[in-house]
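Structure, as structure tokens:
Residue numbers (this note's numbering): 108 to 186.
Written out as structure tokens, the structure is:
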């Protein structure tokens, strides 16, 4: 086996391994980018939901305060 054949026997598979590794690395980075976008979308939805829940809590609190005041007036009239 000549030196050229030896270099080709070692070099070509090594080059193919390196190229496949680079391709896999780019696939992983694309996958990571799309996963990050998905998580950001979910996070925005949770934040919107949280805002709606806070508004609902505040509304319920206001209603309960006015109801408590009405009940207190009725109880005071009954005494």
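No residue lacks a Cβ here, since even glycine has one placed at the ideal position from N, Cα and C. None of the values given here were measured: they were computed from a predicted structure.
Run of the alpha helix (DSSP H) containing residue i, from where it starts to where it stops
{"i": "residue 186", "result": "Segment: none, residue 186 is in no alpha helix (DSSP H) and carries neither H nor E."}
Secondary structure of residue i, DSSP reduced to three states
{"i": "residue 106", "result": "Outside the displayed range of the chain (108 to 186) lies residue 106, so it cannot be described from this structure."}
Own chain, CB closer than 8 Å to residue i, minus 5 neighbours either side, in chain order
{"i": "residue 152", "result": "none"}
{"i": "residue 162", "result": "none"}
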